[in-house]
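Residue numbers (our numbering): 131 to 386.
Where a beta carbon is used, it is the ideal one built from N, C-alpha and C, also for glycine.
Notes follow the structure.
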């Protein structure tokens, strides 16, 4: 008789394990891609209709003032905030499933981070193309600004425009990751407490700036950075959020 030798199991490389998490988090593209784009399209259609109603009801100098006014809106901000919700849902639902399949916490956070970077790059490309069409059509025929509104527009070229979108998406994705990690570890109580703490920190910062009379300096700094600089600065809290999220998930235990 011949002995049957059992081949040793070769563990998957870190990159392979991380890519498995990417596939897990994007297994249902409807929630991460389809639904956000559909809702964004609906919001755009509603916004354009409002523009058209406004521009149809004014003329002369009033039309000029109205055209300037509709260039300042926050309608497109919805998709960035929604990505925070997507990150929370993705991490909360996929984390126990990934560990059940034998994934490590390190592989999960690496895969989640890679997923968020890829989604950020893809969404940034979509919005950049939409902004290019908006520019070609003269603000969709009404001199409006939906994708190139005042807090997103850049005159430094289309690569810079893509970078601005990318940074904003990265910021909201990884901010969502840290809230998801808090929820996974401490559930609703921890998430509520963290939101209250965040609100208190923001209130304290506003109070400190107000009491010291530093608002002029603050807004001067914001104006100096410009949209491109502000977007780039957002990568700092995004990196910190990713690091904190990883540390929290390292000790998190999935619960039903």
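Apart from the five residues just before and just after residue i, which ones in its own chain have a Cβ nearer than 6 Å to its Cβ?
i           : result
residue 373 : none
residue 284 : 290, 291, 294, 357, 358
residue 160 : none
residue 378 : 311, 315
residue 133 : Note that residue 133 has pLDDT 49, beneath the 50 cutoff, so the model's placement of it is unreliable and the number below is only indicative. Within the same chain, residue 133 has no close Cβ partners at all.
residue 170 : 209
residue 422 : Shown here, the chain extends from 131 to 386; a query on residue 422 therefore has no answer.
residue 191 : none
Would you mind sorting residue i into buried or exposed? The rule is 16 or more other CB atoms within 10 Å of its CB.
i           : result
residue 331 : exposed
residue 381 : exposed
residue 220 : buried
residue 181 : buried
residue 143 : exposed
residue 246 : buried
residue 391 : Because the chain in this structure spans residues 131 to 386, residue 391 falls outside the shown range and cannot be described.
residue 188 : exposed
residue 304 : buried
residue 335 : exposed
residue 282 : buried
residue 460 : Because the chain in this structure spans residues 131 to 386, residue 460 falls outside the shown range and cannot be described.
residue 326 : exposed
residue 364 : buried
residue 342 : exposed
residue 228 : buried
residue 194 : exposed
Let me make sure I understand the geometry here. Which of the options has the alpha-carbon closest to that of residue i?
i           : options            : result
residue 306 : 230, 145, 367, 150 : 367
residue 376 : 212, 157, 208, 242 : 242
residue 183 : 327, 274, 304      : 274
residue 362 : 234, 299, 191, 229 : 299
residue 371 : 162, 207, 309, 329 : 309
residue 172 : 206, 228, 200, 146 : 206
residue 257 : 236, 288, 234      : 288
residue 149 : 234, 204, 280      : 234
Take residue i and list the residues in its own chain whose beta-carbon comes closer than 8 Å to its own, dropping the five residues that flank it on each side.
i           : result
residue 320 : 312, 313
residue 302 : 210, 211, 213, 214, 217
residue 196 : 184, 185, 188
residue 265 : 278
Below 7 Å CB to CB, which residues in the same chain sit around residue i once its five sequence neighbours on both sides are set aside?
i           : result
residue 348 : 339
residue 261 : 277, 278, 291
Scan the stretch 350–378 and note each continuous alpha helix (DSSP H) run of 4 residues or more that stays entirely inside, going in chain order. Qualifying alpha helix (DSSP H) stretches: none in this window.
Below 8 Å, can you find three or more Cβ-Cβ pairs linking the stretch 253–260 to the stretch 275–295? Segments in contact, yes.
For the stretch 231–250 against the stretch 165–185, do three or more pairs of beta-carbon atoms, one drawn from each stretch, fall closer than 8 Å, so that the two count as touching? Touching, no.
Tell me, please, whether the stretch 143–155 touches the stretch 224–238 by the rule of three or more beta-carbon pairs shorter than 8 Å. Contact holds: three or more Cβ-Cβ distances are below 8 Å.
Could you check whether the stretch 159–172 touches the stretch 203–212, counting it as contact only if at least three pairs of C-beta atoms, one from each stretch, sit closer than 8 Å? Cβ pair count under 8 Å is three or more, so yes.
Hey, which unbroken runs of the alpha helix (DSSP H) at 4 residues or more fall wholly within the stretch 213–253? Complete alpha helix (DSSP H) runs here, min 4: none at all.
Which whole runs of the beta strand (DSSP E) in the stretch 136–196 are 3 residues long or more, in chain order? The stretch 136–196 contains no whole beta strand (DSSP E) run of 3 or more residues.
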